[in-house]
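Peer 1:
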Amino acid sequence: MRFLTANYLYPLNISPIKEGVLQLSDTGEVINIFENRNDVFTEKLEIFDGILCPGFVNAHCHLELSHLLGKAEKGKGLLDFIGAIQQRNSYSAIEKQIAINKAEQQMITNGIVAVGDICNTTDTLSQKQKRNLKYYNFIEVFGVEDDLVKQIISVAKYLRNQFRKAGQKATISPHAPYSVPPKLMEEIKNSFSTEDELMTIHMQETKHENDLFEYKRGSFYNWLKEINASPEVWNYRTKSNSVLEELGNKKMLLVHNTFAKKKNVTENYYCTCPKANLYIENALPDYSIFDADKLCVGTDSLASNNSLSILEELNIIQENSNFDLNTLLKIACKNGAEALGFEKLGTFEKGKIPGVNLIFDLNELKVIA
Ligand SMILES: [Zn+2]
């Protein structure tokens, strides 16, 4: 049994507690919370300088792209970035595995306990089977030509089943509104069954996505025409949100939302990846438009970020929003756990095994449990 206390405890399901004490079992399960150090009769009280909060949930990552660290040039925009990602297969399997292992280790050191991870391959599966972290795997599909729909969805189902056979949560999800025509959306919707909890999708990462749907023009429009995309991609969609109806209004985690507008914000969960947004588009979302109880945070991949650190992401959000520390930590822990359905994570409620991070000034972090 351990009794942990610091300047403040941030349980996140209740208000912060000054000098509160967190009682943990040997397996890290929350046994009790004490409002006052004097209420705890033990000589084993561990006193820390800083604050204690639950382990972080990285709601959006692409672990399998970890070997692309530093390969995409900064600030070149999303179209250029997509080009850089297409080099992903010119690396050996060993190089990829080493990078995946290192990236996961970095997340552990940075106090992350669970990840919403985008997968186009099974490259990360052997690492995930070590169960160092919890993962919700989103099997990502895209393809702008209508005649490839059957082939794309059957590959996705094969990948999803590989993850499920290994005991991992896995759901087929669309890449983005501009890369998935309605026919493929329909197949993705039909693949969703009782084993699935939510879907994710990249949304409004660039203003060109808005131009495509609202005005049928701009660099995405030109690019899609050039690659012979089905005109169904833009013909009947008037905004990115149109795809939510096509998907049957499932529980969704919408990622990026850098160019989202307040009038289009839905009741879904939203994920912001501020460092990746700065890296690719040199822009950030307007944080005042989101419901703070539905906002999550992700690192995106090492292809568009120089680190996998939720604390670094929180620093950027703090500088660009009015969120107080309790709200920032909810974004980093509670909301992501709720979105991804990790019931034992996210808060210091009795019975949970959430992990414990010690944070000092939103800069230094140490994993305590
Ligand atoms: Zn992403």
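Per the working numbering, the sequence shown runs over residues -7 to 361. Backbone N, C-alpha and C fix where the C-beta goes; we use that ideal spot for every residue, glycine too.
Does the beta carbon of D292 fall short of 7 Å from some heavy atom of ligand 1?
Peer 2: yes
Peer 1: In this structure, how does DSSP classify R(-6) when only helix, strand and coil are distinguished?
Peer 2: strand
Peer 1: Beta-carbon separation of A168 and R152 under 8 Å?
Peer 2: no
Peer 1: If I'm right that N257 touches I272 with Cβ under 8 Å, what's the distance once you round it to whole angstroms?
Peer 2: At residue 257 the sequence reads Val, which differs from the Asn that was named. Between I272 and V257 the Cβ distance is about 22 Å, and since that is not below 8 Å, they are no contact.
Peer 1: Rounded to a whole number of angstroms, what is the C-alpha to C-alpha distance between N307 and L354?
Peer 2: Computed Cα separation, rounded: 7 Å.
Peer 1: Check P166 in the structure and name its three-state DSSP category.
Peer 2: The DSSP-derived three-state label of P166 is strand.
Peer 1: In terms of residue numbering, what span does the alpha helix (DSSP H) encompassing L157 cover?
Peer 2: A small fix is needed here, since residue 157 is Lys in this sequence, not Leu. Segment 141 to 157, the alpha helix (DSSP H) holding K157.
Peer 1: Indicate the three-state DSSP secondary structure (helix, strand or coil) for I323 in the structure shown.
Peer 2: helix
Peer 1: Can you look up V235 in the DSSP assignment and give me helix, strand or coil?
Peer 2: helix
Peer 1: Does the Cβ of L135 have 16 or more other Cβ atoms within 10 Å, making it buried, or fewer, making it exposed?
Peer 2: The residue asked about is misnamed: residue 135 is Gly in this sequence, not Leu. Looking at its Cβ environment, which holds 16 or more other Cβ atoms inside 10 Å, G135 is buried.
Peer 1: Taking the beta strand (DSSP E) that N349 falls in, what are its first and last residues?
Peer 2: 348 to 352
Peer 1: Relative to the C-alpha of E11, which candidate in Y2, I302, D18 has its C-alpha closest?
Peer 2: Y2
Peer 1: Cβ-heavy atom distance between I110 and ligand 1 below 7 Å?
Peer 2: yes
Peer 1: Can you tell which of L125, L117, S118, V32 has the C-alpha that lies nearest to the C-alpha of A329?
Peer 2: Measuring from the Cα of A329, the nearest candidate turns out to be L125.
Peer 1: For N28, is the classification buried or exposed, using 16 other Cβ atoms within 10 angstroms of its Cβ as the cut-off for buried?
Peer 2: exposed
Peer 1: Kindly provide the ranges of any beta strand (DSSP E) runs that are 3 or more residues long and lie completely inside the region 0 to 70, ordered along the chain.
Peer 2: Runs of the beta strand (DSSP E) inside the region 0 to 70: 13 to 16, 22 to 26, 37 to 39, 43 to 46, 48 to 53.
Peer 1: Quick one: does the C-beta of V225 sit closer than 7 Å to a heavy atom of ligand 1?
Peer 2: no
Peer 1: Using DSSP with H/G/I as helix, E/B as strand and the rest coil, what is L317?
Peer 2: helix
Peer 1: What first and last residue would you give for the beta strand (DSSP E) that runs through V247?
Peer 2: Where V247 is concerned, the enclosing beta strand (DSSP E) stretches over 244 to 248.
Peer 1: Kindly indicate which three-state DSSP category L176 falls into: helix, strand or coil?
Peer 2: Three-state result, L176: helix.
Peer 1: Indicate whether K242 and L317 have their beta-carbon atoms separated by less than 8 Å.
Peer 2: no
Peer 1: For Y261, does the count of other Cβ atoms within 10 angstroms reach 16, so buried, or fall short, so exposed?
Peer 2: buried
Peer 1: Would you mind sorting T339 into buried or exposed? The rule is 16 or more other CB atoms within 10 Å of its CB.
Peer 2: buried
Peer 1: Compute the beta-carbon to beta-carbon distance between V348 and L14, rounded to the nearest angstrom, for a pair I have assumed lies under 8 Å.
Peer 2: 7 Å
Peer 1: Can you tell me which of L287, E356, T319, N129 puts its alpha carbon nearest to the alpha carbon of E304?
Peer 2: E356
Peer 1: With a threshold of 7 Å, establish whether the CB of V247 neighbours any heavy atom of ligand 1.
Peer 2: yes
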